[in-house]
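The structure appears below as structure tokens.
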Amino acid sequence: MEDISRDWDKPIVDAGIAAKASVIVRVGTLDLGAGTGSFRVREMMHRIAYPLGVHVRADVNLTDIEATCTDGRNRITEVIDLPTTGVNTERIWLLEHFADWFAVNLGKSSMYHVQSKLSEGVVQHLEERDASQYSADLAKRLREELRAEQGGEASEDPVVEAMELAERVASESREAAAVRSLDDDSEETHRLLADGLPVVSVEQKASEEETYDQEEVFAGDSDAVRDRVAARLAERDERQSRHFDDEGYVAGVNGVNGRNDAHRSGRMHQPPKGEYAEHFDHVGAEPRRERHKGITVRQAHERLDLIERRKPLYAPWFSGLASAIACASFVFLLGGGPYDMVGAFVGAGLGQWMRRRLFAHHLNQFFVTFVCVAAAALACTGTLRLVGLFDPVALSHDTAYIGAMLFVIPGFPLITGGLDMAKIDFPSGIQRITYVMCIILMATLAGWMVAVIVHLNPEGFEPLGLNPWINACLRFVFAFLGVWGFSVLFNSPQRMCLVAAVIGAITDTLRLEITDAGVPAEAATFVGAFLAGILAFAWRSSVRHGWLPPHLGYPRICLTVPSIVIMVPGMYMYRAMFYLGGFDTINALDWAFRAFMVIVCLPIGLAMARVLTDKSWRYDV
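Next up, the structure:
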């Protein structure tokens, strides 16, 4: 602590290893506490450590991190334990912006978001209540400024217009090469980009040579044209130099990078000699660069303080409403009717509201799960008994209370545990799956006890007999609402909720439809999870290519897990526990294995999508 306090106001690049490690490990701790898997925690810690010249070796489990950091001269080991675990997708998203802000301020380029100014603005205004809305407003202002700047530089000179056209072609080629390298998502590619050494494509070099050739042709025309061209080139080069300085990128035309580029292109661009040589003094010269201001240890921790202390986006009553909508939608997707949905709506809403209130007092998770599930099941049953006073048919809906319990499904640790195992991280994966089984055990025990007390006998939902086309449309609508509700429970901003809901509506509707067509439930679940991973990748790639606004660039884990959590077979798991409580072991094992097969297919589908779209998952290196 003395080492950290001594370096508190120093630039972090000049601080000691203790101060550097304090930021690196704290970022990993915040990411772990937000519910993400160990593979993402390590990736985030490496992204913070790399600009500092620090190597990190970390063991990440469900609630603890043991990290050893070394800078080549000194080494320090930190051990951090979390009191509990949870899910907070807003924090995961903000930490992505923090990592880009951190890298850019240390002279590297942004590794995740293409527009570093967006991350700069979000991190500098973390006191905003709705960071998602602020990022949207900032992205809009940046677009307007860029449009105004481009409009102010328009020219009616045909020679200059031709030059600008050639320049845009070269610029688009460079941006395309950068986007392709970003899509690889490999750590090595990120490091090359951060050092200003991106993979140079053939198209980029060809475009640059074409631009150079055009400029040479222009320079051989009349004296007046040569003067205009020379002035325009000087202005363009100065503007590019300012752009690179502002964004924190390495230009690639000076120092070692410049020599390498010249060697790869097959020519050395020498300035012309003669009457107009003074206009080309900038060619081949190193641009002037200002030293990056960097950030201090204090500033880094102050930003992390704001991320850690952010209050939940939604009040307990709104979280309860989202839970009610999600579980009622879940019941319809399982085959329930209007009365079942009403009972689940009331029970799940009350249960989630109670859970939020009890968690505010830092009570034990398993105790809270038991109490809230019991309350939800009783509220659902009581609601149906009350409705039964007016319509006796409601008294026969004994299965609805299962839907009221589904808000406690630990979807995030379930999926991230499977993904950790896919990355050969078995300690973290086993811990997460064990935690999931404990939560499910407490929930199903509470539901079973309520069923025994009030004499319920869940046998499943009665067929609704809807037209197939109408049924498919309703499935799409309720899948959208269900994923939206679970995203709210994960503290996702509304834009993130809507994106995840669209992906979930497509994938879950497809899963249910092909199941009705005769495909086994396990295979249909795999297809749905795989498609969710592909759609999340396509969304993020579209943002990086500029086809979608930059503020919609969300981490894949924040889109895929909410979109497939509605595929978790909560009904299967509860029925296994129900039969086990009645010592009907044959049926209990039957439903338990059905649930196991479906659960296994969820992370496998996501992992296969990552293998196909992410080189860092495709190869074991």
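Going by my numbering, the sequence shown opens with residue 5, and the numbers climb by one from there. From the three backbone atoms N, C-alpha and C, an ideal C-beta is built for every residue, glycine too.
For M575, the closest of L502, A476, L468, I444 by C-alpha to C-alpha distance is I444. Exposure of A521 is indicated by the presence of fewer than 16 other C-beta atoms within 10 angstroms of its C-beta. Of I406, T438, D344, V604, the smallest CA-CA separation from S400 is found for D344. Contact check for A504 and P566: beta-carbon distance about 4 Å, within the 8 Å limit, so the pair qualifies.
In this structure, A447 keeps its C-beta atom at 7 Å or more from the C-beta atom of T519.
Only residues of its own chain outside the window of five on either side were considered, and among them L382, T385 have a CB closer than 8 Å to the CB of V458, listed in chain order. Look at A53 here: in three-state DSSP terms it is helix. Counted as a single uninterrupted DSSP element, the beta strand (DSSP E) harbouring D63 occupies residues 59-64. With respect to the C-alpha of G451, the residue from T420, T438, G407 having the closest C-alpha is G407.
Check the Cα spacing between C73 and each of T67, Q369, E82, L514: the tightest is with E82. In the DSSP assignment, V346 falls within the unbroken alpha helix (DSSP H) covering 342-363. Per DSSP, the continuous beta strand (DSSP E) segment holding A71 begins and ends at 68-74.
The segment 537-554 and the segment 604-616 touch, with no fewer than 3 CB-CB distances between them shorter than 8 Å.
The residue among L337, Q498, L367, T438 with its C-alpha nearest the C-alpha of Y318 is Q498. If you draw a straight line from the Cα of R548 to the Cα of S120, it comes to about 12 Å. The Cβ atoms of V602 and A525 lie closer than 7 Å to each other.
Looking from the CA of G486, the closest CA among T589, N475, L502, D85 belongs to L502.
A residue is called buried when at least 16 other Cβ atoms come within 10 angstroms of its Cβ; M425 meets this threshold and is buried. The DSSP-derived three-state label of T40 is coil. Going by DSSP, V492 is part of the alpha helix (DSSP H) stretching over 472-493. For Q303 and A599, the gap between their C-alpha atoms comes out near 48 Å. In summary, I52 is buried, with 16 or more beta-carbon neighbours lying within 10 Å of its beta-carbon over all protein chains present. The C-alpha of L122 lies about 22 Å from the C-alpha of V27. A buried status is given to G415, since no fewer than 16 other beta-carbon atoms sit within 10 Å of its beta-carbon. As computed with DSSP, E148 is found in no beta bridge at all. In the structure shown, E132 falls within a coil segment according to DSSP collapsed to helix, strand and coil.
Non-local C-beta neighbours of I507 in its own chain, meaning closer than 8 Å and more than five positions away in sequence, comprise V487, A536, L539, A540, W543, L563, T564, S567, ordered along the chain. Here Y623 is exposed, its C-beta having fewer than 16 other C-beta atoms within 10 Å. With respect to F411, A352 sits close: the two C-beta atoms are nearer than 7 Å. The three-state secondary structure of D35, taken from DSSP, is helix.
In the structure shown, T89 falls within a coil segment according to DSSP collapsed to helix, strand and coil. Here the alpha carbons of V615 and W621 stand approximately 5 Å from one another. Look at R313 here: in three-state DSSP terms it is coil, with no helix or strand label. Put simply, the backbone Cα of F102 is about 17 Å away from that of A23. The three-state reading of DSSP puts T81 in strand, counting E and B together.
The C-beta distance from I570 to L337 rounds to 7 Å, short enough to fall under 8 Å.
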